Each structure stands twice: as structure tokens, then as C-alpha cells.
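Colleague: Numbers 61 to 123, taken from my numbering, label the letters of the sequence shown in order.
Idealized CB from N, CA, C, for every residue including glycine.
This structure is a prediction, so every number in the text was calculated from the model and none was measured.
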Amino acid sequence: MTDESVPYTEVTCCHCEGLGCIYCDRTGKVKVRTPARKCRHCDGVGCIYCGFTGWAGLKGKYD
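(1) Which residue wins for smallest C-alpha separation from Lys-121, given the options Ala-96, Gly-106, Ile-82?
(2) Do Lys-89 and Glu-70 come within 8 Å of each other at the CB atom, strictly closer than that value?
(3) Once you ignore the five residues that flank Gly-117 on each side, which residues in its own chain have a CB closer than 6 Å to its CB?
(4) Please report the Cβ distance between Lys-98 and Gly-106, rounded to the nearest whole angstrom; I am assuming they are in contact, meaning their Cβ atoms lie under 8 Å.
(5) Quick one: Cα of Val-66 to Cα of Asp-123, how far?
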């Protein structure tokens, strides 16, 4: 029932600009759905809707 073939792209976390933070698990990168788009609520600054990463379609921790 779930579509496991959703392609994800790895992009730089906008919160830490690639340095590593708690929102990207200290990697500096997050996975988002392809095509990668900035969050429409905050335009890439960081908000509750994008998990403070600045990206729309963020892959969940347990996905």
C-alpha cells in the first residue's frame, strides 16, 4: 500500500549550512523528495513545517 519507490535527494541543511546540527543528525545534509524545493512557509529560513531544515518534502526519521 505504501509507495517505497519515492526518490529522495540529499541536500544541504539550511539551518546549519552544512556544518551539522540536531535537525540533520550532525551530518549537514537532509533527504528531501525529488525535485528538491525550499519550504513554502518560510522560504528556506526554517520553521515547524520543514523541521527547521528549510526544505519541503523532508524524509521522516522512520520512513
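Modeller: So, from the listed chains and residues:
(1) Ile-82
(2) yes
(3) Val-92, Arg-93
(4) Actually they are not in contact, since the Cβ atoms of Lys-98 and Gly-106 sit about 10 Å apart, beyond 8 Å.
(5) If you take the alpha carbons of Val-66 and Asp-123, they lie about 11 Å apart.
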